[in-house]
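Everything below concerns the one structure shown next.
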Amino acid sequence: MPENTDYLLELLTEYGMVTEEQIEEGWKKVGDSGGKLDIIEALKELGHLDEYEMMAMLAQQYGLETLDLSGYQIPVEVLESMPKEIAQQYKVVPVMRHDDVLTVAMSDPTDMETLDSLRYVLKCDVEAVISPKEQIQKLLDLHFASLTQTVDSFISEMGGEGEIETAMLSGLDGAVEQGDDAPIIKLVALIISEAFKTLPRPLPD
0 MPENTDYLLE
10 LLTEYGMVTE
20 EQIEEGWKKV
30 GDSGGKLDII
40 EALKELGHLD
50 EYEMMAMLAQ
60 QYGLETLDLS
70 GYQIPVEVLE
80 SMPKEIAQQY
90 KVVPVMRHDD
100 VLTVAMSDPT
110 DMETLDSLRY
120 VLKCDVEAVI
130 SPKEQIQKLL
140 DLHFASLTQT
150 VDSFISEMGG
160 EGEIETAMLS
170 GLDGAVEQGD
180 DAPIIKLVAL
190 IISEAFKTLP
200 RPLPD
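Residue 171 in numbering that gives the first Met the number 0 is what sits at position 172 of the sequence shown, and the numbering runs on without skipping anything.
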């Protein structure tokens with residue numbers, strides 16, 4: 000949930016983007032979800048709030064730029080400038096770096112504490128752009144997921160552990176006969192690839 004929920008709802012109301020009645024309906028949906036949704040997500044699901052309009056409003060309010068991450072290519076050196084644990088913890092994605100200034104995409108510009116924490120942890124100046132929450136999460140899953148998260152996602156896509164166990168019992172030979180796209184080959188390659196990333200790199204001469 001956004002750090003300053005009351006203030007954000009106040010802004011949305013002042014800008015005429017939601018009504019008090021819609022907010023009440025949103026809070027009811029939050030309750031019905033058992034806490035799985037926050038108020039902003041609930042308003043979006045109800046069709047009362049357009050995220051891109053909200054982003055534009057917040058960008059104007061905080062003097063920030065918006066960035067559509069769909070199709071946006073992030074340089075490898077920029078991605079590597081932030082440990083995956085930090086990206087996952089703060090729900091941000093590094094998108095560009097110039098000199099000693101790192102620009103991160105975040106969905107909640109009211110969360111100033113995150114920027115301060117990132118500056119302290121990364122030992123550099125950190126600026127923000129506003130991007131949709133779903134786009135940020137997609138990039139986190141793509142570039143910053145841990146091995147456990149990635150394997151869990153893979154197992155889920157394969158239909159559960161039972162399907163993976165069946166593939167394992169059939170043996171690698173059977174999987175190889177299916178070609179490089181065989182599920183078991185993908186899983187083994189995934190584990191080896193992640194393990195390789197953790198190996199120490201030799202220092203340059």
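Even for Gly, the Cβ is constructed at its ideal location relative to N, Cα and C.
Residue i in three-state terms, based on DSSP
i: T65; result: strand
i: H97; result: strand
i: A41; result: helix
i: I22; result: helix
i: V103; result: strand
i: E79; result: coil
i: M56; result: helix
i: L48; result: coil
i: M16; result: coil
i: M167; result: Residue confidence is low: M167 scores 48 on pLDDT, short of 50, so the model does not pin down where it sits. Its coordinate-derived value is still stated next. Here M167 sits in helix by DSSP.
i: D110; result: coil
i: G33; result: coil
i: A86; result: helix
i: Q134; result: helix
Residue environment, residue i, which counts as buried when at least 16 other CB atoms sit within 10 Å
i: M81; result: buried
i: L171; result: Because the pLDDT of L171 is 47, which lies under 50, any placement of that residue in the model is unreliable, and the number read from its coordinates should be weighed accordingly. L171 should be labelled exposed.
i: D49; result: exposed
i: P108; result: buried
i: S106; result: buried
i: M54; result: buried
i: G25; result: buried
i: L141; result: exposed
Chain-order list of residues whose beta-carbon lies under 8 Å from that of residue i (same chain, five-residue window excluded)
i: L66; result: V94, A104, V128, I129 and S130
i: I135; result: L68, K90, V91, V92, A104, M105 and S106
i: L8; result: V17, I22 and I38
Close Cβ partners of residue i (< 6 Å) along its chain, the five nearest in sequence each way excluded
i: V175; result: Note that V175 scores 49 on pLDDT, short of 50, meaning its location in the model is unreliable; the coordinates nonetheless yield the value given after this. For V175, where only same-chain residues beyond five positions count, there are no Cβ hits under 6 Å.
i: Q21; result: H47
i: L10; result: none
In DSSP terms, what residue i is bridged to
i: E126; result: T102
i: V92; result: A104
(message) I'd like to know if the stretch 38-46 and the stretch 74-90 are in contact, where contact means that at least 3 CB-CB pairs between them fall below 8 Å.
(response) By the C-beta criterion, the stretch 38-46 is judged not to be in contact with the stretch 74-90, since fewer than 3 inter-stretch pairs fall below 8 Å.
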